[in-house]
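A quick write-up on the structure given underneath.
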Amino acid sequence: MGVNERGQADGKHKYGYIINEGKYHEPDPEYFDVWKEAFRRKIHENQTDETIGKYIISTGYKRKFKNKNRESKLNVK
Amino acid sequence: MYRIWLDPFYYGILISGNNEIDLRDGANPHYQPLITEEEHQVLLDRHLLVNPVSLRSYKTIDEYDEIKLFPNQFIQYNGTHGFVFELPNPKRHRKALEKLKVNNPNATLKDVVKPHQINYKLTGIKIDHKQLSFR
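Protein sequence lines, in the order shown, are assigned to chains D and X. Residue numbering for the first sequence follows our numbering, beginning at 11 and increasing consecutively. Residue numbering for the second sequence follows our numbering, beginning at -17 and increasing consecutively.
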């Protein structure tokens, strides 16, 4: 059974989630609610990507990497 | 960002390569969805309304064109993967056609392929590790 067949992460980043030691996606305690709100704004208010991107960036969102020195901000395109 | 909005992972389907895993079935005990499947459908419908799936235009004449019920990719799965025409064992049909052409030079594949032999196969993805197809 492959990694993906067990429902484990295959290395692709998913916004609002972190990959735990068992290689499973689990909600990011810091930003899960931020992404939930972003989806709500997209679905129910049909806000533009730019507006939602600004909201996400305003929360201080930064993607987390294994290498703690590495940082990445959201690309709103 | 549309790739984020349309990723089925956020309601519970993890797609990797040809595999599709429903995380809501307990495959990932830590998983919590960000949205519901219905909300995902709203985003998908909205996206397809603005960006309709374009059917591939073929410049060459496909010998199967006359027996196709639908163009390739016409029937979509999840708006992202399409069904493609497939004729099982085409050699057998070509042989039958050659035989038929001896008496009827105007015979075409249409005359030797029966409706139940026409098959459409979902490409690029497997559902529950199986290749979907229908006749």
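Glycine residues also receive a C-beta, built at the ideal position from the N, C-alpha and C atoms. The structure displayed is predicted, hence computed values, not measured ones.
For residue 14(X), the chain D residues whose C-beta falls within less than 7 Å of its own C-beta are 37, listed in chain order. Cβ-Cβ separation between residue 107(X) and residue 59(X): approximately 7 Å, consistent with a contact (criterion under 8 Å). Shown here, residue 27(X) sits in a helix according to DSSP, grouped into three states. Note that the C-beta distance between residue 48(D) and residue 28(D) is not below 9 Å.
For residue 1(X), the uninterrupted beta strand (DSSP E) segment begins and ends at 1 to 4. Within chain D, no residue has its CB atom less than 8 Å from the CB of residue -5(X), the nearest being about 10 Å off. Secondary structure in the stretch 68 to 104 of chain X: the alpha helix (DSSP H) runs of 4 residues or longer, each lying completely within the stretch, are 72 to 85 in chain order. When 8 Å is used as the limit between beta carbons, residue 75(D) is near no residue of chain X, the shortest such separation being about 18 Å.
The Cβ neighbour count for residue 10(X), taken over all protein chains shown within 10 Å, is at least 16; the residue is labelled buried.
In the structure shown, residue -10(X) adopts helical secondary structure according to DSSP, grouped into three states. With a threshold of 9 Å between beta carbons, residue 25(X) makes contact with chain D.
Relative to residue 63(X), the option among -16(X), -14(X), -1(X) and -8(X) whose CA is nearest is -1(X). Bridge pairing for residue 112(X): 109(X) [DSSP]. As DSSP reads the structure, residue 73(D) sits in a beta bridge with 82(D).
Any Cβ of chain D closer than 9 Å to the Cβ of residue 54(X) would place that residue at the interface, and such an atom is absent.
When secondary structure is reduced to three states using DSSP, residue 61(X) falls in the coil class, being assigned neither helix nor strand. The C-beta of residue 54(D) has fewer than 16 other C-beta atoms within 10 Å across all chains shown, which makes the residue exposed. Here DSSP, grouped into helix, strand and coil, assigns residue 27(D) to strand. Straight-line spacing of the CA atoms in residue 32(D) and residue -14(X) works out to 24 Å.
For residue -3(X), no alpha helix (DSSP H) run applies; the uninterrupted beta strand (DSSP E) run containing it begins and ends at -5 to -2, by DSSP. Residue contact with chain D for residue -2(X): present (Cβ-Cβ distance below 9 Å to some residue of chain D).
Contact between the stretch 7 to 27 of chain X and the stretch 83 to 101 of chain X is not established, with fewer than three Cβ pairs separated by less than 8 Å.
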